[in-house]
Amino acid sequence: MIGCIYIKNHNLVGMKHFHCIKILIVLMVLLSVVDANAQKPPVPAIVIHGGAGVIERGKLTPEVENEIRVTLQRALDTGYAVLEVGGSATDAVIAAIQVLEDSPRFNAGKGAVMNLAGTHELDASIMNGADLNAGAVAGVTTIKNPILAAQKVMTESPHVLLTGNGAEQFAREQKLSMVENTYFTTDAVYDSWERYVKSKSGDPRGDNTPGVDKVSKYGTVGAVAIDASGNIAAGTSTGGMMGKEYNRIGDSPIIGAGTYADNSTCGISCTGHGEYFIRVGVAKEISDQMAFGNKALPDATQYTLDRIAQLGGSGGLIAIDKEGNIRMDFNTKGMYRGYKHVKETKIAIYADE
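First residue of the sequence shown? That's 7 in this note's numbering, and the numbers climb one at a time after it.
Here it is as structure tokens:
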């Protein structure tokens, strides 16, 4: 409008008509840039999950539901506080996941499910989208916060994935907090384990759905963040599947399956039936759909979750793309989830929230 008025009233000495048109074009370009910037999602931002599964209204007591929501909020606040003062996306992700690992309400850290032998084997991973550096641990039993061990693998070793006794030794050398395996056991987890063992033996008092706790089937936790510099990081931590055998490892510590981050596309953290997520390579598949298939983040996440469903798998994921767009997608009854940026904070559990 300014350019048009100027053209109608141009009476500057020596100004040609085409100069006015040039000015109009420049003004239109500048206005479009300003408008585009105004539409971009706020950065920095963080999104978290606490697992997906059969999470229906009425399955949780009001007290437990409130505790879960409070913990999700605390994890968001802790992670976002790092971003708010100019901290890195990696540090924000780790800070948020530590809160969730320390809570007994999720299948990660304290409160992790038990294997068939009645002990805990934990997995975690972290990835930095700025340089594609990554670290992970799997099958660890005495590391209090596995996400910190994953970080140390990323920053203090030439490797990406350490497992079992070697990962434990490395964690001790890095002066991380170590605990007895029983530290991770809670009454709720032990009761679920007992039901599982009974179901395996055919005892009618056992859970009718072998291998799962109906409320926390996929209680894996994760976080994805983008910092003020546009760097993206993603991390995931889990206790795996109830009653797992043979040192089973799922997707959570597998870079490209349960966790992935690339500044040129997005960051992803997954939760679900890990065998399916590994077969599809869910986290990297979403990034590739964006990089090579020119899909927007919502289309890429939906396409990939549809592939999981077609194979018979279920679960969910959280994501942030390079523009700061956030997704929290799942094909289950619910997913513990939330996000925070300067304009909004959201916490949700059920599918209809």
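Note that the Cβ used here is the ideal one computed from N, Cα and C, for glycine as well.
If you check the beta carbons only, do T307 and A325 fall under 8 Å apart?
Contact flag set, yes.
Tell me whether V112 sits in a helix, a strand or coil according to DSSP, three-state version.
Reading the sequence as shown, one finds Phe at residue 112 and not Val. Residue state, collapsed to three classes: coil.
Could you check which residue in G141, G264, K206, Y266 has the C-alpha nearest to that of E251?
K206
Go to D312, then tell me how far its alpha helix (DSSP H) extends in each direction, as first and last residue.
303-317
Return the bridge partner residues of K352 from the DSSP annotation.
K352 pairs with Y345.
Sort out for me which residues DSSP pairs V91 with in a bridge.
According to DSSP, which records beta bridges pairwise, V91 is partnered with nothing at all.
Do you know how far the Cα of A302 is from the Cα of V32?
Low per-residue confidence applies at V32: pLDDT is 48, beneath 50, and the placement is therefore not dependable enough to give any value.
Return the CA-CA distance between E359 and L82, expressed in angstroms with no decimal places.
18 Å
If you compare alpha carbons, which of I238, Q316, Y266, R285 is closest to E329?
I238
Which residues mark the beginning and the end of the alpha helix (DSSP H) in which S131 is found?
Not the alpha helix (DSSP H): S131 falls in the beta strand (DSSP E), residues 128-134.
Do you know whose CA, among I355, Y86, N134, I153, lies nearest R343's CA?
I355
When the Cα atoms are used, what is the spatial distance from A155 to V146?
10 Å
With a 10 Å radius around its C-beta and 16 neighbouring C-beta atoms as the bar for buried, classify A315 as buried or exposed.
A315 should be labelled exposed.
Give a yes or no on whether the C-beta atoms belonging to S258 and S163 are separated by under 8 Å.
no
Enumerate in chain order the residues of its own chain whose CB-to-CB distance from S183 is below 6 Å, with the five nearest sequence positions on each side excluded.
K150.
From V286 to G280, what distance separates their C-alpha atoms?
For V286 and G280, the distance between alpha carbons rounds to 10 Å.
For the 8 Å Cβ check, are there 3 or more pairs between the stretch 169-189 and the stretch 89-103?
no
Assign L154 to one of three DSSP states: helix, strand, or coil.
helix
On the criterion of 16 or more Cβ atoms from any shown chain inside 10 Å, does E350 qualify as buried, or is it exposed?
exposed
For S183, does the three-state DSSP call read helix, strand or coil?
coil
Using 8 Å as the cut-off, can you tell me whether the stretch 51-66 makes contact with the stretch 181-200, which would need three or more C-beta pairs spanning the two stretches below that distance?
Judged by Cβ distances under 8 Å, the stretch 51-66 makes no contact with the stretch 181-200, as fewer than three pairs qualify.
Quick one: give me the first and last residue of the alpha helix (DSSP H) that A297 is part of.
288-299
What are the boundary residues of the beta strand (DSSP E) that R333 is part of?
That run of the beta strand (DSSP E) goes 332-336.
I'd like to know whether the C-beta atoms of L128 and A118 end up nearer to each other than 8 Å.
For L128 and A118, yes; Cβs fall inside 8 Å.
Taking only the alpha-carbon atoms, compute the straight-line gap between T96 and M133 and give it to the nearest angstrom.
8 Å
Measure from the alpha carbon of D312 to the alpha carbon of each residue in G236, T338, N300, then state which is nearest.
T338
What residue from P304, S270, T244, P50 has the CA that sits closest to G278's CA?
Distances from the alpha-carbon of G278 to those of P304, S270, T244, P50 put T244 closest.
Can you tell me where the beta strand (DSSP E) with A231 in it begins and where it stops?
227-232
In chain order, what residues of the same chain lie with their CB nearer than 8 Å to the CB of P47, ignoring the 5 residues before and after it?
E329, G330, N331, I332, H347
State yes or no: is the C-beta of S275 within less than 8 Å of the C-beta of H55?
Judged by beta-carbon spacing, H55 lies within the 8 Å limit of S275, meaning their Cβ atoms are closer than that value.
Do the CB positions of L89 and I52 come within less than 8 Å of each other?
yes
Are the beta-carbon atoms belonging to E107 and V227 less than 8 Å from one another?
yes
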